[in-house]
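Following: one structure in structure tokens, then a few remarks.
Protein chains: 2
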Amino acid sequence: MVIPRLIEHKRDGHALTPEQWSSLIREYTLGRVPDYQMSALLMAIVFRGLEPAELAALTDAMIASGDRLRFEGHPVPVADKHSTGGVGDKVSLVLAPMVASCGVAVPMMSGRGLGHTGGTLDKLESIPGFRTDLSLREARDQIDRLGCAMLGQTPEIAPADKRLYALRDVTGTVESVPLLAASIMSKKLAEGLNGLVLDVKTGSGAFLTDSALALELARTMIGLGESRGCPTVALLTAMDRPLGRACGNALEVEEAIEALRGRGPADLMEVTYALAAEMLALVGAAPDLIEARRRLEEAVTSGRALETFARVIEAQGGNPAVVDDPAVLPQARAVEVFRAERGGRVERVEPRRIGRAIVELGGGRATLEDSIDPTVGFVVTVKPGDVVRAGEPIASVFARDQSGVALGMAALREAVTIGEHGRLTPLISHRITARGVDAPPEALGCPS
Amino acid sequence: MVIPRLIEHKRDGHALTPEQWSSLIREYTLGRVPDYQMSALLMAIVFRGLEPAELAALTDAMIASGDRLRFEGHPVPVADKHSTGGVGDKVSLVLAPMVASCGVAVPMMSGRGLGHTGGTLDKLESIPGFRTDLSLREARDQIDRLGCAMLGQTPEIAPADKRLYALRDVTGTVESVPLLAASIMSKKLAEGLNGLVLDVKTGSGAFLTDSALALELARTMIGLGESRGCPTVALLTAMDRPLGRACGNALEVEEAIEALRGRGPADLMEVTYALAAEMLALVGAAPDLIEARRRLEEAVTSGRALETFARVIEAQGGNPAVVDDPAVLPQARAVEVFRAERGGRVERVEPRRIGRAIVELGGGRATLEDSIDPTVGFVVTVKPGDVVRAGEPIASVFARDQSGVALGMAALREAVTIGEHGRLTPLISHRITARGVDAPPEALGCPS
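If you read the protein sequences in the order shown, they are chains A and B.
Here the numbering used here is used: the first residue of the first sequence is 948, the next is one more, and so on.
Here the numbering used here is used: the first residue of the second sequence is 948, the next is one more, and so on.
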């Protein structure tokens, strides 16, 4: 295999064969293809894209670079959810125990905060003692016992993706729909799923702010999942404002526990139920979305969902008392209320600004080595379209000290705009399946 | 300077500032920017191109990475020629002494064979004893004494280009007009010239087979040269057949000596005179192209041009007797005549096939370490459009042994096509100056 010829071929708009992708990724993982050739090829892909057969072959090769979870003969179906990332997105924490308590196994493999977005692992680790570094064997054992494990990407899963992602991060080759799709799907398909639901965020706080690109990513991932034998559905959900009220690691765990009691903010409940219902329906654990939703609500009202969460926490070394007592979570030392500076209608609650402020407060990482402070963050109780009076409390800042409070207040002043004409965009704008965009938001019962 | 942001900026179609180019190349030359970032940037340039100010800044930075020749206060003007490379292209060997003997200094810095094309250095080294590895100081001293030196790219000249070229060669990023222009011009502008003439080859045997791309490269290099204070002119010349008759290192030296006696093949004489006349006119050593041509012809008929060549050979350690006795050159052990297999009109003499065959015969390199056999090659006495009889001798093969002869005969059978409708494309199709394409070929007195 002469690598420069492969690069030129892709550069000139031609497709590489599945065999070429497979040997390329194998040789790269073995360190026999230098990074400088791979990065040139990645940049050519940014411009030329990948044909479906190329994308499938690349993804297969990335999966084949490592180990995978295997659920052949498992007594219950297996499903997972992936989110492209946002601010206040604590859906995984609520959804995983909820779905597991409805008889679907959930091997929830998650990531850390990236840029301005939060990460499920960081949130979970704000529970004292909670470990996310399970091995594949530990995860598998726990799923057999509790129906759910919540872990980080293990070194065994798709190591080629790990190396490629690190290279893309420093060579300007992250923003490519097929490369994003291959990266996400190689990890998820290695989980041995019977069904996968994608939460593709769109709007100013998402990585793909352009909804046409978000739609293209959703379609690409669905095509890839289906072609690999994993039924896949995507919802496009709004990330032009934070999801729920709490933004920040421990604050989000507290809100997730409230949601598992059925008392979470309406938007968080809605997105979580919608995604979870798709999971149940996809793997045949419910005959349709309406019945799926009914069973999920029952799992919440009966307390089974919260109990499953408590057991998962205990199994992974955390203090399960947290589900009854939020004071178990580390608490911010400085808290201050933020009030509306004028009356009017909320026009914007900018999630990117809020996410950046959490990083500035110490609740996210600027470099990979940074440790994070789980206590800091925001609770924002208003959404675009809400009418507020001047001086009304509309948010709180949680910080380490008074200078953090000042920083947080300044961020809120920038993030929250009050004017005359705010309105809320639809929470779930598209539902995409292998057959296309097949249901308007109203059919899903989404508030808009 | 955050390199990934620079790469993204270029990827997204924006221009980098001159300061960014300058520090990027400086840091790269110092080994502080890794190859994997540079290759991603190079691929982005392949797709996005460079604006004129970016190209100028990149070229300046590449020049500044090393040393340069300086001719301030030199008693005569200084000019050089660059060819984009072809088969049978021995113009430099004829032109340099010819121009030097008309009172223009020629610091001819040349390259080695690349792919199917020959290189001036390899040709010169077929003269027993000839050294091309002059230092900048030696070259400068020789130019002061003889008006001409013929040398390889020294390590002092544009080291950034050397490193970038090696990286481009293995990352599919050679075929980019601005990158080609920056590479060529960084070396030529480091020669401290008063004028530069470009021989941009076009047709199946050229690197840029597409004449529109060749024209774009010519225009780009002219813009760059002029903006850097070096008057630059380009001729687009035909490389859909070999130039002259001899193809192969020692064979071409012999033909070049014949040309310096005024007895070279018509096409070789024509291209050489045209390029040389541009050099004289550019630097004001002749009032116009017609007078320039007259002086060049006089330098040939008087024997001064050949005498200059003999002195250069002697100064660089070679045996000057070669100009009177071709038997000084190493001779092929096996020679065989190739005859037309049918009568008709010559349709094609494919230079790329002939160039590849020279490499196969041992007269070029497959890897950088290969040593070459200067004796092997071809003499092809026909051009497209010529009428031939069946059985008429139309070429000769020069090889090491009979198996080489067989290989060479097979190559000629593929390279030379005889049919009904052959015709010769114009030898010089365009003359390009800073003002545009300003003279039709007829005005230059070119046979077509």
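Here a beta-carbon is modelled for each residue, glycine too, at the ideal position from N, C-alpha and C.
Since the structure is predicted, the reported quantities are computational estimates derived from the model, not experimental observations.
Taking C-beta atoms under 8 Å as the contact rule, A/Ala1096 and A/Ala1105 fail to qualify, at a distance of about 17 Å.
Here the alpha carbons of A/Met1226 and A/Ser1151 stand approximately 27 Å from one another. When Cβ-Cβ separations below 8 Å define contact, A/Leu1114 makes contact with chain B. Counting other Cβ atoms within 10 Å of its Cβ, A/His1029 reaches 16 or more and is therefore classed as buried. At least one beta carbon of chain B lies nearer than 8 Å to the beta carbon of A/Ala987.
For B/Gly1119, at least one C-beta of chain A is nearer than 8 Å to its own C-beta.
In the displayed model, B/Asp1088 falls within a helix according to three-state DSSP. Straight-line spacing of the CA atoms in A/Ile992 and B/Gln984 works out to 15 Å.
A/Phe994 sits in a helix when the DSSP states are folded into three classes. Taking 9 Å as the Cβ-Cβ cut-off, the region 976 to 1005 of chain B approaches chain A at Pro981, Asp982, Tyr983, Gln984, Met985, Ser986, Ala987, Leu988, Leu989, Met990, Ala991, Val993, Phe994, Arg995, given in chain order. Taking a beta-carbon distance threshold of 8 Å, B/Arg1336 does not count as an interface residue toward chain A. For A/Ile954, the chain B residues whose Cβ falls inside 7 Å of its Cβ are Thr1118, Gly1119, in order along the chain.
Pairing B/Ala1113 with A/Gly996, the inter-Cα distance amounts to about 26 Å. B/Met1055 carries a strand assignment under DSSP once its states are collapsed to helix, strand and coil.
Chain-ordered listing is empty here: chain A has no CB closer than 8 Å to the CB of B/Arg1188, the nearest sitting near 26 Å.
A/Pro1340 has A/Arg1286 as its beta-bridge partners, per DSSP. The way I'd put it, the region 1156 to 1167 of chain B doesn't touch the region 1033 to 1043 of chain B; fewer than three beta-carbon pairs between them come closer than 8 Å.
Where B/Ala1181 is concerned, the enclosing beta strand (DSSP E) starts and stops at 1179 to 1185. The DSSP-derived three-state label of A/Lys957 is helix.
DSSP places B/Val1147 within a strand segment (E or B) once states are collapsed to three. Assignment of beta-bridge partners to B/Met1097 by DSSP yields B/Met1055. Contact between the region 1372 to 1384 of chain A and the region 1171 to 1185 of chain A is present, with at least three C-beta pairs closer than 8 Å. Below the 8 Å Cβ cutoff, chain B contributes Asp1116, Val1117, Thr1118, Gly1119 as neighbours of A/Pro951, in chain order.
Closest by C-alpha distance to B/Gly1310, out of B/Glu1244, B/Ala1193, B/Gly1291, is B/Ala1193.
With respect to the C-alpha of A/Ala1011, the residue from A/Thr1314, A/Glu998, A/Cys1049, A/Leu977 having the closest C-alpha is A/Leu977.
At least one C-beta of chain B is nearer than 8 Å to the C-beta of A/Arg958.
A/Lys1109: member of the alpha helix (DSSP H) spanning 1106 to 1116, first to last residue.
In this structure, the beta-carbon distance from B/Arg1017 to B/Gly1139 falls below 8 Å. Looking at the backbone, the Cα of A/Ser1133 and that of A/Ile1379 are separated by about 20 Å. In the DSSP annotation of this structure, the continuous segment of the beta strand (DSSP E) that includes A/Val1327 starts and ends at 1324 to 1327. If the five residues before and after B/Leu1005 are omitted, its C-beta is found closer than 6 Å to the C-beta atoms of Trp968, Ala1129, all from its own chain and listed in chain order. B/Lys1028 is bridged by DSSP to B/Val1144. Exposure of A/Ile1237 is indicated by the presence of fewer than 16 other C-beta atoms within 10 angstroms of its C-beta.
By the 16-neighbour rule on beta-carbons within 10 angstroms, A/Gln1349 is exposed. Looking at the backbone, the Cα of A/Met990 and that of B/Ala987 are separated by about 6 Å.
Rounded to whole angstroms, the Cβ separation of A/Val1329 and A/Leu1308 is 20 Å, and the two are not in contact under 8 Å.
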